[in-house]
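Asker: One structure, as structure tokens, below. Some questions next.
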Amino acid sequence: MAGDCGSCTACCRVYAIPELSKPAGKWCDHCAIGKGCKIYEQRPAMCVDFKCLWLQSQDRDDPRERLSPELRPDRCKVVFSPTTNDAIMAALTMPGMPDAWQKPIVRALIDRMIKADMAVAVGPPMATHTLRITKYGIEEVEMTEPDENGMQWSVGK
Ligand code: SF4
Ligand code: SF4
Numbered sequence: 241m242a243g244d245c246g247s248c249t250a251c252c253r254v255y256a257i258p259e260l261s262k263p264a265g266k267w268c269d270h271c272a273i274g275k276g277c278k279i280y281e282q283r284p285a286m287c288v289d290f291k292c293l294w295l296q297s298q299d300r301d302d303p304r305e306r307l308s309p310e311l312r313p314d315r316c317k318v319v320f321s322p323t324t325n326d327a328i329m330a331a332l333t334m335p336g337m338p339d340a341w342q343k344p345i346v347r348a349l350i351d352r353m354i355k356a357d358m359a360v361a362v363g364p365p366m367a368t369h370t371l372r373i374t375k376y377g378i379e380e381v382e383m384t385e386p387d388e389n390g391m392q393w394s395v396g397k
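Residues 241 to 397 in the numbering used here are what the sequence shown spells out, letter by letter.
Here it is in structure tokens:
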């Protein structure tokens, strides 16, 4: 998590932090849930660097390009983040809420991405089956088990 997240701490739950041996989907031991990081000044580099799509959008000059407060991950229960592939957006659902992406406000955002020719990879942390939503429809994608860094790849695609 970075600054200006308000009371959101969603990414401190969904992502693996190898440096802390923290698995994806479990709250970080250093998280004051809904408040912030208890080791903010000493947090790992990947926590310093991470900005979800919602947080990135808050920096836009044009207020119309900023995602709404309701789309903050702790509220909408989905953490959107760009991937190393510009054409694929990751959408991690909060544990226990695999259908959060179907909420109208979230689905509308996904539809905007699809219109912009992106694919959106949706699923809970560490899922070995995720959904890939594109302009051609929704398909299930088999994923590898997470490696020691929490990374996963699609199988055979
Ligand atoms: S999910 Fe986004 S808004 Fe929430 S704490 Fe992480 S970076 Fe901040
Ligand atoms: S170290 Fe801090 S910022 Fe990083 S996951 Fe844990 S609580 Fe969140």
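Using N, Cα and C, we set each Cβ at its ideal position, and we do this for glycine too.
Keep in mind that this is a model prediction, so the values were computed, not measured.
(1) Considering only C-alpha positions, which residue in the set Asp357, Leu295, Cys252, Leu371 is nearest to lysine 338?
(2) Starting from methionine 286, trace the alpha helix (DSSP H) in both directions and tell me its first and last residue.
(3) Consult DSSP for lysine 355 and reduce its assignment to one of helix, strand or coil.
(4) Looking only at C-alpha atoms, which of Ser247, Ile257, Asp314 sits nearest to proline 390?
(5) Quick check on valine 362: does DSSP put it in helix, strand or coil?
(6) Whose C-alpha, out of Glu380, Glu385, Pro335, His270, is nearest the C-alpha of proline 284?
(7) For arginine 304, which three-state DSSP category applies?
(8) Grab the span of the beta strand (DSSP E) containing serine 261 for me, first residue to last.
(9) State the Cα-Cα distance for the pair proline 322 and alanine 331, rounded to the nearest angstrom.
(10) At what residues does the beta strand (DSSP E) containing leucine 332 begin and finish?
(11) For isoleucine 373, is the classification buried or exposed, using 16 other Cβ atoms within 10 angstroms of its Cβ as the cut-off for buried?
(12) Is valine 318 near ligand 1, going by C-beta to nearest heavy atom under 7 angstroms?
(13) With distances taken between CB atoms, is the gap from methionine 358 to isoleucine 328 smaller than 8 angstroms?
(14) Using the three-state DSSP reduction, which class does serine 297 fall into: helix, strand or coil?
(15) What did DSSP end up calling proline 344 once you bin it into helix, strand or coil?
Answerer: This is what the structure holds:
(1) For the purposes of this step, residue 338 is identified with residue 98 of the sequence shown, where counting begins at 1. Note on identity: in this sequence residue 338 is proline, with lysine being the wrong assignment. Sorting Asp357, Leu295, Cys252, Leu371 by C-alpha distance to the C-alpha of proline 338 places Leu371 at the top.
(2) Here residue 286 is taken as the residue at index 46 of the sequence shown, counted from 1. Its alpha helix (DSSP H) spans residues 285-289.
(3) The residue given as residue 355 occupies position 115 in the sequence shown. Assigned with DSSP and collapsed to three states, lysine 355 falls in helix.
(4) On the sequence shown, position 150 is the one that residue 390 refers to. Looking at the sequence itself, residue 390 is glycine, so the reference to proline does not match. For glycine 390, the closest of Ser247, Ile257, Asp314 by C-alpha to C-alpha distance is Ile257.
(5) Your numbering for residue 362 matches position 122 in the sequence shown. Correct three-state label for valine 362: strand.
(6) Against the sequence shown, residue 284 aligns to sequence position 44. Put simply, of Glu380, Glu385, Pro335, His270 the residue whose alpha carbon is nearest the alpha carbon of proline 284 is His270.
(7) Working through the sequence shown from its first residue, we reach residue 304 at position 64. DSSP, reduced to helix, strand and coil, places arginine 304 within a helical segment of the structure shown.
(8) Counting from 1 along the sequence shown, the entry for residue 261 is found at position 21. No beta strand (DSSP E) holds serine 261; DSSP gives it neither H nor E.
(9) Counting from 1 along the sequence shown, the entry for residue 322 is found at position 82. Counting from 1 along the sequence shown, the entry for residue 331 is found at position 91. In this structure, the CA atom of proline 322 is about 9 angstroms from the CA atom of alanine 331.
(10) Taking the first residue of the sequence shown as position 1, residue 332 is located at position 92. Note, leucine 332: beta strand (DSSP E), 328-333.
(11) Reading the sequence shown from its first residue, position 133 is the one you call residue 373. Of the residues assessed, isoleucine 373 falls on the buried side of the cut-off, its CB having 16 or more other CB atoms within 10 angstroms.
(12) Indexing the sequence shown from 1 puts residue 318 at position 78. Flag unset: Cβ of valine 318 not near ligand 1.
(13) Working through the sequence shown from its first residue, we reach residue 358 at position 118. Working through the sequence shown from its first residue, we reach residue 328 at position 88. Against a cut-off of 8 angstroms, the Cβ pair of isoleucine 328 and methionine 358 comes out as a contact.
(14) In the sequence shown, residue 297 corresponds to position 57, counting from 1. In the three-state reduction of the DSSP assignment, serine 297 falls in the helix class.
(15) The sequence position of residue 344 within the sequence shown is 104, counting from 1. Three-state DSSP puts proline 344 in a helix.
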